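Line by line, the protein sequences give chains A and B.
Under the UniProt record's numbering, the residue at position 30 of the first sequence is numbered 30, and the numbers go up by one with no gaps.
Under the UniProt record's numbering, the residue at position 228 of the second sequence is numbered 228, and the numbers go up by one with no gaps.
Working notes for the structure below.
Number of protein chains: 2
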Amino acid sequence: MRLLTAALLCLPVLAAQAETPSTLLSPELKAQAASLQAALATDDTAYHLVESLTTEVGARVAGSEADARAVAWAEKHFKQLGFDKVTLEPVRFPVWRRGDIRISVLGDSPQSLHAIALGWSKSTPEAGLSAEVVAFDDLDALSAASPEQLQGKIAYVSARMEKRRNGGDYGRRVAARSSGAEIAASKGAVALLIRSIGTDSDRLPHTGMGIWLGGIKPGTPASDRAMVLSNGERVALTAVPAAALSNPDADQLSRLLKLQPKLKLHYQLAGQYVGEYTSHNVVGEITGSTKPEEIIVVGGHLDSWDVGTGAIDDGAGVAITAAAVAAIKKQGLRPARTLRVVAFANEEQGVWGGKAYARAHAAELANHVGAAESDFGAGRIYRIDAGVPAKDWPLVQEIQAALDPLNIELGGQDAGGGADLSGMRDAGVPMFELLQDGTDYFDLHHTDNDTLDKIDPAALRQNVQAYATFLWLLGNAPQRVQTNFVPTPTP
Amino acid sequence: MRLLTAALLCLPVLAAQAETPSTLLSPELKAQAASLQAALATDDTAYHLVESLTTEVGARVAGSEADARAVAWAEKHFKQLGFDKVTLEPVRFPVWRRGDIRISVLGDSPQSLHAIALGWSKSTPEAGLSAEVVAFDDLDALSAASPEQLQGKIAYVSARMEKRRNGGDYGRRVAARSSGAEIAASKGAVALLIRSIGTDSDRLPHTGMGIWLGGIKPGTPASDRAMVLSNGERVALTAVPAAALSNPDADQLSRLLKLQPKLKLHYQLAGQYVGEYTSHNVVGEITGSTKPEEIIVVGGHLDSWDVGTGAIDDGAGVAITAAAVAAIKKQGLRPARTLRVVAFANEEQGVWGGKAYARAHAAELANHVGAAESDFGAGRIYRIDAGVPAKDWPLVQEIQAALDPLNIELGGQDAGGGADLSGMRDAGVPMFELLQDGTDYFDLHHTDNDTLDKIDPAALRQNVQAYATFLWLLGNAPQRVQTNFVPTPTP
Ligand SMILES: [Zn+2]
Ligand SMILES: [Zn+2]
Ligand SMILES: [Zn+2]
Ligand SMILES: [Zn+2]
């Protein structure tokens, strides 16, 4: 009864909202947005881009020979897309290289487990190490453990990530990956093993950073673990070797531990710091006609992990945003403001490209009037969020109305933007998010399985339609929007 | 109109069939079958068996140290299941061991591909080989190729297997795996590469025999490729190194070949014959009360490939059939005929256990009155087939009527039985098939992904209910059935 009443009350409100006359965006702008959508309904430019990138370049981990091929690929394809300007901006960062891994069960049930080293893991001794496993339900349980429990042992965190459309469980679980080694080491453990931060049941473990590279304190003395870069920054390997098991292997280990609580593993992996490297952010733009100094940035990151071919993370994001910007010019339209697409270098291992962009463009960030990153796969967009104050919300509502035919709802004002945009966000650039259905994203994320066949061309087209619509309307809106983001003061 | 008429005509026929009074199986037998089904509706014995086997033994490739652990496991668990007799019967066979594999794309798009050696592949030179790839749509196209096309090249068969409930496309596609190397070698190719015989889109290639071990002619002279066993039999490695790509990697290679028709691969794998080994068929039985000399055999194979933990291939089959036989005794029932469950050794690499069983029991095969193997995963049973003549069909109909509550249809008379039963079938033992839904079977078959989490405990219970019903009714039927199988005469 209560539900029914609510539903009856709601309907007129929704109808009234939908009928609010649009006053900010001209009928002509909206007609142009609709034309863009119609033209892009059958345009597979983005799919061809991600197909080309993942096939011809393949995996492109930061600092590898494929990193340079990826930059050359982006420069060539951005030029072919007809951007007014294509520039390469240097991004310098430290490089870690993965070696072999072998984790196996000792004792009465000898067998090998499928595991992958976490990014920036330190090596075990060359012959590996053998130690008992102590299991924890989650990172909180590991944090609460006493050093007596863990001294000389392998700490194992068995928590499983749950599947959600918005990937909402990633935030709760990923700390086991990024902080687990540090916590395990502080209690005397000799290694960390986690269940993959992933939602699939494939025997393909998920990698990802085992340490937050930006988290090394400036004063940290150099050691075999902590390196001082040429610019004075510190980076460090994980405090103990750190690896993730595939979900089926984590299930297996948990079952074995029930049967054999004193179970020992042989644990052997290699990973090392190999020096510094200079890659590039690849920047393409369409110059604005009447307000060229006002810039809207979209993009994704060009690098991938060394597993998979980086189709959904984040070839799709680069392809969607590049195709959307290019489509506007191709349709004979020119926006008032400058539209810029950035293929960011090395997001995966510390957001080096995003930080370099914010540094290189510090002087013009005050004229960056909006930014959105596509870095959540290739699923359909279902919602738009905007980190703007209430006074700017009517414009967001009008943009959403134009996205409504694509089945995109109006979201909220809590838009943090993608990882590569954090420098811009902190500098006051208004953030937008076109939220993608990520139900399957963490099935594939950071695994061998991140390949082209996982992308639905129709969903990709809807993404391009949405970005083109968003860019055309924000690029021509009469007003600039402001940010509602309040940076946390540094202590 | 035509369709409607057919439907109208059909209905009364079907109804009449269903109402045919049962005359062969007594109401008491059928009530006991119904009681068995009821008791087994909540009995997870089979799941616990396959959980234990896949967890504590894990992968158990024939001739490995795990082979012996699997035999010990089966002996122990068959005894615990309460069988009247548990015996180990020796099975001697040759052993092949897999080494490392590394297949990578050379040239402008360097990248590594996920591949696995086919069983009994010969090694490449230790440093590998580098050669151009020549692609063929399917094995027929390879067979039709001229030696000029293939001399010194890598033959690549790109055909993709389609998904069917009955796995029906396997037969059409698997010849690329089992005969491709021989055909490629005959045309001067230096290696074979195939798309995995599998229906998934995971980056986990499917292994399986690259040669039909039984197909080596007795007169073949011994060589570095063809070995003479202690019993005089011949076995051979593949004529050229042979490997399978995962489906996403096969897609990738096909795309690359379109862009770069002269593409070269570096291809390196190791595989070798390492000698002979004696494993065991593990045989458990409930002795018949009034006709103990008449034997019904069910079973599965105990070995697996060296990837996965052999949950669906074929831990499930061993568990289903063992649990079904055991359940009859556990329910306080004793069949007129002897019910025997066999966990066959080394099915995967040449049906050695099945052949050894037929040899060891040659004298009593005339008294084997029926056999059925479970070796198609852990999906629900949807149909019963029986390789019996028309005079025995009414009994099959009555058995199906008892299976009907489990949603199992009446099938046909074309039942060849499982691979391990072929020796029995050739000797005139009547074959039965309880057909499982294999829609997902070839997603997992012979890959790392064949693990416990892929088994639905409810579907496994339905399998046990079906086997127990079948065994109870055939074990007590008033009549013996005959085979309808006519062996092909040896030329
Ligand atoms: Zn990403
Ligand atoms: Zn990522
Ligand atoms: Zn099998
Ligand atoms: Zn098999």
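The beta carbon of each residue, even a glycine, is placed where N, CA and C say it ideally should be.
Because the structure is a prediction, the values reported are computed rather than measured.
Nearest candidate by alpha-carbon position, reference residue i, set the options
i               : options                        : result
L444 of chain A : A:D385, A:A458, A:F376         : A:F376
G156 of chain A : A:R172, A:L193, A:A144         : Looking at the sequence itself, residue 156 of chain A is Tyr, so the reference to Gly does not match. Ranking A:R172, A:L193, A:A144 by Cα distance to Y156 of chain A puts A:L193 first.
E75 of chain B  : B:L263, B:V318, B:L410         : B:V318
R164 of chain A : A:G299, A:Q331, A:D200, A:E276 : A:D200
D303 of chain B : B:G180, B:F78, B:R60           : B:R60
L473 of chain B : B:R102, B:V342, B:L142, B:P394 : B:P394
T451 of chain A : A:S52, A:L256, A:R225          : A:S52
R102 of chain B : B:A243, B:Q436, B:A326, B:F78  : B:A243
I381 of chain A : A:L406, A:A358, A:R359         : A:L406
S246 of chain B : B:K264, B:L259, B:S158, B:I320 : B:S158
V342 of chain B : B:A184, B:A356, B:P27          : B:A356
R203 of chain B : A:T447, A:A458, A:T469, A:T483 : A:T447
T309 of chain A : B:P110, B:D140, B:A185         : B:P110
A322 of chain B : B:L259, B:Y267, B:D169, B:A468 : B:A468
G198 of chain A : A:A327, A:A360, A:D169         : A:D169
7 Å CB neighbourhood of residue i in its chain, flanking five on each side removed
i               : result
D426 of chain B : P487
L25 of chain A  : E398, L473, A477
Own chain, CB closer than 8 Å to residue i, minus 5 neighbours either side, in chain order
i               : result
V274 of chain B : G63, V95, W96, R97
A316 of chain B : A46, V50, G300, S374, G377, A378, I455, L460, N463
V228 of chain B : A222, R234
I408 of chain B : I381, Y382, R383, I384, Q400, L434, A466
E364 of chain B : E293, I295
G167 of chain A : F376, G438, Y441, F442
D73 of chain B  : According to the sequence provided, residue 73 of chain B is Trp. The question's Asp does not apply to it. Excluding positions up to five away in sequence, the list reads S52, L53, E56, V57.
S230 of chain A : R92, E276
Residue i versus residue j: straight-line alpha-carbon distance, rounded
i               : j               : result
R334 of chain B : G353 of chain B : 28 Å
T42 of chain B  : I455 of chain B : 16 Å
W305 of chain A : A115 of chain B : 20 Å
L11 of chain A  : D404 of chain A : In this prediction, L11 of chain A scores a pLDDT of 35, lower than 50, which makes its location untrustworthy; the coordinate-derived value is nonetheless stated afterwards. The straight-line gap from Cα to Cα measures roughly 17 Å.
A345 of chain A : H301 of chain A : 6 Å
L118 of chain A : M161 of chain B : 35 Å
L113 of chain A : G416 of chain A : 38 Å
A7 of chain B   : A401 of chain B : A caution first: A7 of chain B carries a pLDDT of 34, below 50, which makes its placement in the model unreliable, though a value can still be read off. Approximately 22 Å between the Cα atoms of the pair.
E56 of chain B  : L257 of chain A : 11 Å
E126 of chain B : L237 of chain A : 35 Å
M431 of chain A : A372 of chain A : 6 Å
S104 of chain A : A131 of chain A : 11 Å
V325 of chain B : I211 of chain B : 35 Å
D314 of chain A : N281 of chain A : 14 Å
L4 of chain B   : Q252 of chain A : The pLDDT assigned to L4 of chain B is 35, lower than 50, so where the model puts this residue is not dependable, and the model offers no usable value.
A34 of chain A  : G411 of chain A : 21 Å
A70 of chain A  : G58 of chain A  : 9 Å
G219 of chain B : Q272 of chain B : 22 Å
L413 of chain A : A390 of chain A : Here the sequence assigns Gln to residue 413 of chain A, which means Leu is not the residue at that position. Cα to Cα, the separation comes out at about 9 Å.
E182 of chain A : L106 of chain A : 26 Å
Own chain, CB closer than 6 Å to residue i, minus 5 neighbours either side, in chain order
i               : result
G188 of chain A : P147, L150, Q151
S179 of chain A : none
T338 of chain A : E285, T287, G288, P292, I295
K329 of chain B : G82, I286
D138 of chain B : A159
D249 of chain B : L113, H114
M1 of chain B   : Bear in mind that the predicted position of M1 of chain B carries a pLDDT of just 32, short of 50, making it unreliable; the figure below should be weighed with that in mind. If we look at M1 of chain B and ignore the five residues flanking it on each side, it has no Cβ neighbours.
R225 of chain A : A236, L237
D437 of chain A : R165, G379, R380, Y382
D67 of chain A  : R60, S279
S123 of chain A : A270, G271
Residues near ligand 3, criterion Cβ-heavy atom distance below 6 Å: B:H301, B:D313, B:D314, B:E347, B:D375
Segments assigned beta strand (DSSP E), at least 3 residues, entirely inside the segment 148-197 of chain A: The qualifying runs are 154-157, 191-195.
Where the segment 418-451 of chain B meets chain C: residues whose CB sits under 7 Å from a CB there: The structure shown has no chain C; the protein chains it does contain are A and B.
Quick check on the DSSP output: what are the complete beta strand (DSSP E) runs of length 3 or more inside the segment 423-491 of chain A, in order along the chain? 432-436
Length-filtered (3 minimum) beta strand (DSSP E) runs lying within the segment 221-245 of chain A: The qualifying runs are 226-228, 234-236, 242-245.
List, from N- to C-terminal side, the beta strand (DSSP E) runs of 3 residues or more that fit wholly inside the segment 251-337 of chain A. The DSSP assignment places 264-286, 291-301 as complete runs of the beta strand (DSSP E) inside the segment 251-337 of chain A, in order along the chain (cut-off: 3 residues).
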